[in-house]
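> Number 139 in full-length UniProt numbering belongs to position 139 of the sequence shown; there are no gaps in the numbering. To start, I am sharing the structure in question, which I have written as structure tokens.
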Amino acid sequence: MPKKAEQTHKGRIYKPKKPIFIHYHEYYSVVRRAHPSWTPTQLWRHISRKWSNLKDKSMYQQLAREDRDRYHREMLATGKSKGRFLKYPRAFNFYQQERYQQMKQDQPDKSMAEITAMINKEWRATQDKSKWEKLEAQEKEKWTAARKEMEKMQNI
Numbered sequence: 001m002p003k004k005a006e007q008t009h010k011g012r013i014y015k016p017k018k019p020i021f022i023h024y025h026e027y028y029s030v031v032r033r034a035h036p037s038w039t040p041t042q043l044w045r046h047i048s049r050k051w052s053n054l055k056d057k058s059m060y061q062q063l064a065r066e067d068r069d070r071y072h073r074e075m076l077a078t079g080k081s082k083g084r085f086l087k088y089p090r091a092f093n094f095y096q097q098e099r100y101q102q103m104k105q106d107q108p109d110k111s112m113a114e115i116t117a118m119i120n121k122e123w124r125a126t127q128d129k130s131k132w133e134k135l136e137a138q139e140k141e142k143w144t145a146a147r148k149e150m151e152k153m154q155n156i
């Protein structure tokens, strides 16, 4: 019999859980027994605080990755997923990530929209974009390989 997380209700495939929800489900019954008079909101707050103070979340992140992989396998098996991939990040996206952090520190009073507008102007004026174009090429290679793998799995 499959694990409870993998069981489906009338053929329904459940979306993958995020790490915090895996943590929540692990501790809910323990906290509920310890504090039977608490409301669900109080339980959630307590478990959320515990999550915030947790130093090593890698176990929950690994379980979430496994659950995400399970979800993708099940979706491919049903044929419901078209296996579409998001496009790989472009050179501008890498530039924007890098510059946004710098500009946010330099000008904390500016809004996100203002900073983004300034970054767009800088990008258009930038002559040497080779650094970010190399990153784009690397991501495109990864994206192409993953896409071929997905197509191979769909044709099986």
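We treat Cβ as the ideally placed atom computed from N, Cα and C, and that holds for glycine.
Assign Asp-106 to one of three DSSP states: helix, strand, or coil.
Residue state, collapsed to three classes: helix.
> Is the separation between the beta-carbon of residue 190 and that of Tyr-27 shorter than 8 Å?
Absent from the model: residue 190. The displayed extent of the chain is 1 to 156, so no value can be given.
> Would you identify the three-state DSSP class for Ile-119, choosing helix, strand or coil?
Helix at Ile-119.
> What's the C-alpha gap between Glu-136 and Leu-43?
The alpha-carbon atoms of Glu-136 and Leu-43 are separated by roughly 44 Å.
> Nearest CA to the CA of Met-112: which residue from Gln-97, Phe-21, Thr-78 and Thr-126?
Comparing Cα positions, the closest option is Gln-97.
> When you compare the CB positions of Pro-108 and Glu-139, do they come within less than 8 Å of one another, or not?
No, they are not a contact pair.
> So, are the CB atoms of Lys-104 and Ile-119 less than 8 Å apart?
It is not a contact, given that the beta carbons lie outside the stated cut-off.
> Rounded to whole angstroms, what's the CA-CA distance from Ala-5 to Lys-131? Just pull it up for me.
Residue placement at Ala-5 is flagged as unreliable, the pLDDT there being 47, under the threshold of 50; a coordinate-derived value is accordingly withheld.
> Indicate whether Trp-123 and Phe-94 have their beta-carbon atoms separated by less than 8 Å.
Against a cut-off of 8 Å, the Cβ pair of Phe-94 and Trp-123 comes out as no contact.
> Less than 8 Å between the beta carbons of Ile-22 and Leu-63, yes or no?
In this structure, Leu-63 lies closer than 8 Å to Ile-22 by Cβ.
> What is the DSSP secondary structure of Gln-127, counted as helix, strand or coil?
It is coil, neither helix nor strand.
> Are there 16 or more other CB atoms within 10 angstroms of the CB of Asp-67, so buried, or fewer, so exposed?
Buried, by the Cβ-count rule.
> State the Cα-Cα distance for the pair Ala-77 and Thr-144, rounded to the nearest angstrom.
Cα to Cα, the separation comes out at about 22 Å.
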